[in-house]
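A.B. asks:
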Amino acid sequence: MEYSRVRPEDLAALASIVGASDVSNEEYDLVTNALDAFAGEPVLPEAVVWPENSSEVLEVLKYASSRRIPVTVRGGGTGLTGASTPRFGGIVMNMMKMNRILEVRPHDMQVDVEPGVIYDQLNKELEPYNLFFPPDPASGKSCTIGGMIANNASGLKAVRYGATRDYVLALRVVFPVGLDLRLGSRVFKYSTGYDLARMLVGSEGTLGVITEATLRLRPLPRHRRTIAAYFDSIEDGVRCIGRIRLSGIEPGAIEFLDRTHLRLISEWSGLNLPDHECMIILEFHSYSRAGLDEEVTDAVSLLREGGAVSIVVPKDEAEAERIWEARRGAYPSILKACRSPIIGDIIVPLSRLLDAVNKAYELAKKYGVRVGVMGHLGDGNVHANWLTDRRNRDEWERALRANAELTRYAIEVGGALSAEHGVGVEKKEFMWEQHREVLDLMKKLKEFFDPNNILNPGIML
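Residue numbering for the sequence shown follows our numbering, starting at 228 and increasing by one per position.
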């Protein structure tokens, strides 16, 4: 499809909608809105707009659709797959000025927010109500709620609490066809027709622009406890995760770091983590101290039986925080070690978890590239991170092939090409293998909501 370029008269029309101060074609604004955290080539937009309400979003989309100007929706820019890259130039719609917490309804355990609200800031505002929004992505200090919904983000606590989709009750969505609709309901369950709100979750900005969201909340657990366990065998560590999942105890988080990541984190942070083949971090949440103590005791026993050579149960919150500091340091430590890593994100059935981890190492050897494996292994989510530099074109291409082969492996064994990072530009080539004929239905839905294909073109589909 051919798109129109942004002309001076288009800038004037956009300024009449959002105000002159909320539209720009200055180089600084174009560059800073050209790419997310994906290690791909940046593409400059021709203009950036910052809408401040749903009416402005609607008018911008109607205008852009009439002129066939592509619009790429952007939140915090923390995505890892290029989903907010303006592949065809055009307009970037930056949602960061729509950042209000509209209403907290503690008795309903719900909150209404605009899409530009930052995840960590939302939970800070919810603390006085003894409530929280659980998904907990690693980019929580920077990512927005709108971006989380667009990607169905999850993170450290997904093993117990689930992903963003499990907390989206209702959405206000603006579509390029000129519709501003409220989807879903402010109740925890209903049976009244198609669940269009949940359909928008994970659509990566290809169908409509989310301008408000009603989120379900959970009570903050009264007590938390962290355990770190070290293993001298990858097999022992991964199998122990399976034993814990089948035991009946329910950790709030189960994280895995292999030796490669332990060393990278130590070099980056100075924490001097023990040098073992892998580390498992468990966090337990409870509303009863006695119940928490029982779960921790059971977990320690399972870890010992499973081959843990060292187990650390922090004595206080500060010591526990140092363990989580190590986990949160994984991504920045990778960036320090290599210029343009490929951050893998597959998910497999739990029965294939060890096979998937070993497959990553096998492919690293096959293609002669470095890999570190980490992830939320408690729910089957494996991050195989390929430590490469795109300036070394040969190495970069080999790492891409290794990642592609691992992605296809995940699909073949009944898993998925992405667990939480989304599809974006990086993984759209695998969508047919994942969905087959269902992909044609997705394209028809896209055509219905966005007939001129202006919203996030070149992304996902």
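The beta carbon of each residue, even a glycine, is placed where N, CA and C say it ideally should be.
1) To the nearest angstrom, report how far apart Glu510 and Arg449 are at their CA atoms.
2) Helix, strand or coil for His488, going by three-state DSSP, please let me know.
3) Please identify the residue among Glu521, Gln337, Ile686, Ile550 whose C-alpha is closest to the C-alpha of Pro699.
4) Return helix, strand or coil for Thr305, following the three-state DSSP convention.
5) Please list, in chain order, all residues of the same chain as Val527 whose beta carbon is under 8 Å from its beta carbon, the five residues on each side excluded.
6) With a cut-off of 8 Å, do at least 3 Cβ pairs link the stretch 293-303 to the stretch 229-248?
7) In the DSSP assignment, the beta strand (DSSP E) including Trp613 goes from what residue to what residue?
8) Cβ of Ala535 within 8 Å of Cβ of Ile492?
9) When burial is assigned at 16 or more other CB atoms within 10 Å of the CB, is Trp623 buried or exposed?
10) With DSSP as the reference, please indicate the residues paired to Thr371 in a beta bridge.
11) Mind listing, in chain order, the continuous alpha helix (DSSP H) runs of no fewer than 4 residues lying wholly within the stretch 543-618?
12) Contact between the stretch 477-486 and the stretch 383-390: three or more CB pairs below 8 Å?
13) Hey, would you say Arg301 sits closer than 8 Å to Met320, going by beta carbons?
14) Flag this pair as touching only if the stretch 605-617 and the stretch 649-656 have three or more C-beta atom pairs under 8 Å; answer yes or no.
15) Whose CA, out of Ala643, His603, Ile681, Trp613, lies closest to the CA of Arg472?
16) DSSP has Val287 in a bridge; who is on the other side?
17) Quick one: what's got a C-beta closer than 6 Å to Asn378's C-beta in the same chain, skipping five residues either side?
18) Run through DSSP, which three-state label would Ser231 get?
19) Would a C-beta distance cut-off of 8 Å place Gly651 and Met687 closer than the cut-off?
20) Report all residues from its chain with a CB closer than 7 Å to the CB of Val596; omit the five preceding and five following residues, and keep chain order.
21) Please work out which residues of its chain come closer than 7 Å, Cβ to Cβ, to Ala564, disregarding the five sequence neighbours upstream and downstream, and give them in chain order.
22) Check for me: the beta strand (DSSP E) holding Ile454 runs from which residue to which?
23) Touch check for the stretch 425-443 and the stretch 358-377: three-plus C-beta pairs under 8 Å?
24) Considering Cα atoms alone, identify which of Ser474, Glu286, Gly316 is closest to Glu268.
25) Would DSSP call Glu522 helix, strand or coil?
26) Ignore the nearest five residues each way along the sequence and tell me which others in Ser369's own chain have a CB closer than 6 Å to its CB.
27) With distances taken from CA atoms, which of Lys671, Val465, Lys416 is nearest Ala397?
28) Please classify Pro446: is it buried, with 16 or more other beta-carbons within 10 angstroms of its beta-carbon, or exposed?
29) Can you confirm whether the stretch 629-640 touches the stretch 578-595 when touching is taken to mean that 3 or more C-beta pairs between the two stretches lie within less than 8 Å?
30) Judging by CA-CA distance, which residue of Asp339, Glu639, Met601 is the nearest neighbour of Tyr394?
31) Using the beta-carbon count (16 or more within 10 Å), is Val414 buried or exposed?
32) Look up Glu439 in the DSSP assignment and give the residues it is bridged to.
33) Measure how close the beta-carbons of Ala637 and Ile573 come, nearest whole angstrom, since I'm counting them as under 8 Å.
C.D. replies: The relevant details are as follows:
1) 13 Å
2) helix
3) Since the first residue of the chain shown is 228 and the last is 688, residue 699 is not available in this structure.
4) coil
5) Ile454, Ile538, Val540
6) yes
7) 608-614
8) no
9) buried
10) Ile345
11) 544-555, 557-564, 580-594
12) yes
13) yes
14) no
15) His603
16) In the DSSP output, where bridge partners are listed per residue, Val287 has none listed.
17) Gly649
18) coil
19) yes
20) Trp613, Thr615, Glu622, Arg625, Ala626, Ala629
21) Leu491, Leu614
22) 450-458
23) yes
24) Gly316
25) helix
26) Gly303, Thr305
27) Lys416
28) exposed
29) yes
30) Asp339
31) exposed
32) Arg399
33) 4 Å
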